[in-house]
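Trainee: Okay, here's the structure, questions in a sec.
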Amino acid sequence: MTDTTTEQPPVLRTRSVVGLAVCVVTALVGIFLIPTLQEPGGGLNVRFWTMAALELLAMGGVVYFVLNLHEEPN
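In terms of the numbering used here, the sequence shown has 8 at position 3, counting the first letter as 1, and numbering is strictly consecutive.
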């Protein structure tokens, strides 16, 4: 007996893959920017919230693009 179902697998969205890569690179750049923000000038509060916002933005982008990674074929 042969299985005759020709169900297509979900298609990977290129836009989501690129967006995911950009968000991961943004998060990594944010991690490596921490030593540069430890220089004198600017308060600790400003540096903390800048880094927190950058990492939160990257995390939100990763979640969005992972949830939209595959497109169901019609």
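Virtual Cβ for every residue (Gly too), placed ideally from N, Cα, C.
These numbers come from a predicted model, not from an experiment.
(1) DSSP three-state label for Leu59, please.
(2) In this structure, does DSSP put Leu74 in helix, strand or coil?
(3) Please identify the residue among Thr9, Pro15, Thr10 whose C-alpha is closest to the C-alpha of His75.
(4) Just to confirm the assignment, what range does the alpha helix (DSSP H) spanning Leu25 have?
Mentor: Looking at the atomic coordinates:
(1) helix
(2) Leu74 sits in coil when the DSSP states are folded into three classes, being neither helix nor strand.
(3) Pro15
(4) Counting along the chain, the alpha helix (DSSP H) containing Leu25 begins and ends at 19 to 38.
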